[in-house]
Amino acid sequence: MRSFLIVAMIFLSACVSEPLPDGFKASDDFDPVAAAKNRISLGLTYLKNGNFSQAKFNLDKALQFAPRLADAHFSMAYYYQQVDEIKLADDAYQKALDFDPKNPDIANSYGAFLCENGNYEEAKNYFLKAVNSANYISTAETYENLALCSQSQGQIDDAITYLQSSLNHQPSRAKALQLLVELQMQQQQWNDAKLSLRRLEKNSRVTADTLYMSVVIEQALNNDELAKGYGDMLISMYPSHPKTLEYIKNRKNISNLVTKQKVVKQLKPATDQIVNKETQPPVSETLNNANRDNEITAQEEQNLAKQQQDKAPLKDYPVEDLPIVEPVENESDISTENVKNKPDSEDTQIAQYHVVEKGENLYRISLKYNVKMQRLIDWNELPDASSIYVGKKLIVIDPEAVEQK
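For any residue, its number in this note's numbering is found by taking its place in the sequence shown, counting from 1, and adding 441.
As structure tokens, this is what we get:
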């Protein structure tokens, strides 16, 4: 199942009167809700970067500062999801909804959580509650979540309908467009899939996946020359990508590729909009020196900033009608598996790749293979550390070193 896009937007402007934690001396300048919100932002950023202990520490602090703040419980629910504490996550979601029952972002996220754990009908109710909320700005994301949940239950027609609703609200939404193409291919709705793929190409870059889908669709429509042309582009631009290798394997009989497509995606919460949302100035700017030990230290902020160094953007390849593209020389194709035409031995495969299992995250995988998490992100072309899912095959050693052997 495709990654769930839980849009968890913390309302930083809310104002709640909160008691101070035990042992904390009151100050005229101290605002416990503002302190909690800064701790939430910091904790979720640590969580995104794989530092679970610091994430938990800061989220616990947020709850100490503002135990009745819905967003503090909401963020803790997400933390418990990441560490596979399902009961604790459910309890935290329920507390968040108790304190803010009309919050559509919490409803959307709780719906994703419920669907991930098999409670489809209840999840659907929370999703619809979110999209029917006044002034809700993430309707497209929630309809996409509904589609993902329907798809996970095998309700493909419903999933296609919800994706179309998502695109009505955000026509250029690339993730919804790609899933729509995949599901239409799965249903062998080839003409619809071709139209959806053209929309996707106009709103995103050329990838191995889009070229491969073009090959399959054109072959299904008996456009052999077009299928071959897309296949040549796939080989030229992504010579080592798994999709390219699959195409090469079946090139003499491309019709083998035209089978009922199976779409398998993983649900995952994502809190980018919580972490990246602009917050109030750090509480350390408003606290008295006597209270400084209770707030975010400058060293902690510096360490976090170091973890969040900007990553170089990926090169985009805009497409209109897919003109002929020259081979890309020396392109850092992070997502390729760098597999030679001849399969490596079984021992090499085991050392070179790791298949993500339930309960694993990128931080734990990096520890297992003694490699920096950022290298895993780079080698596998991951948007961030939370972008893995069960069954995903990860490169765990330097691809350049493999090619030199």
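All C-beta atoms in this analysis are idealised placements derived from N, C-alpha and C, irrespective of residue type, glycine included.
Cβ atoms of LEU587 and GLN619 stay farther apart than 8 Å, at about 17 Å. In this structure, TYR794 places its C-beta atom within 8 Å of the C-beta atom of LYS834. Given a length threshold of 3 residues, the segment 591–624 has no whole run of the beta strand (DSSP E) inside it.
Linking ASN663 to PHE554 through their CA atoms gives a straight-line distance of about 42 Å.
Inclusion of ILE547 and ALA511 in the CB contact set at 8 Å is warranted, their separation being smaller than that value. Contact between the segment 549–566 and the segment 574–591 is established, with three or more Cβ pairs separated by less than 8 Å.
The beta carbon of VAL572 sits closer than 6 Å to the beta carbons of THR580 and THR583 from its chain, once the five residues preceding and following it are set aside; these are given in chain order. When DSSP states are grouped into helix, strand and coil, LYS834 belongs to the strand group.
In the DSSP assignment, HIS795 falls within the unbroken beta strand (DSSP E) covering 794–796.
Taking a cut-off of 8 Å on C-beta distances, the segment 515–524 touches the segment 496–503, as three or more cross pairs fall below it. With fewer than 16 other CB atoms across the displayed protein chains lying within 10 angstroms of its CB, PRO824 is exposed.
Within the model, the alpha-carbon separation for ASN821 versus SER807 is close to 13 Å.
Take the alpha-carbon of ALA530 and the one of GLN625: they are about 34 Å apart. Apart from the 5 residues on each side of it in sequence, GLY800 sits with its Cβ closer than 6 Å to the Cβ of ASP525 in its chain, given in chain order. The DSSP-derived three-state label of ARG509 is coil. About 19 Å separates the beta carbons of ILE658 and LEU686, which is beyond the 8 Å limit, so they are not a contact pair.
By the neighbour-count criterion, in which 16 or more other beta carbons inside 10 Å mark a residue as buried, LYS813 falls on the exposed side.
Sequence-distant Cβ neighbours of ARG692 in its own chain, meaning closer than 7 Å and more than five residues away, are GLY672. GLN535: member of the alpha helix (DSSP H) spanning 527–540, first to last residue.
Around the beta carbon of GLN535, fewer than 16 other beta carbons sit within 10 angstroms, so the residue counts as exposed.
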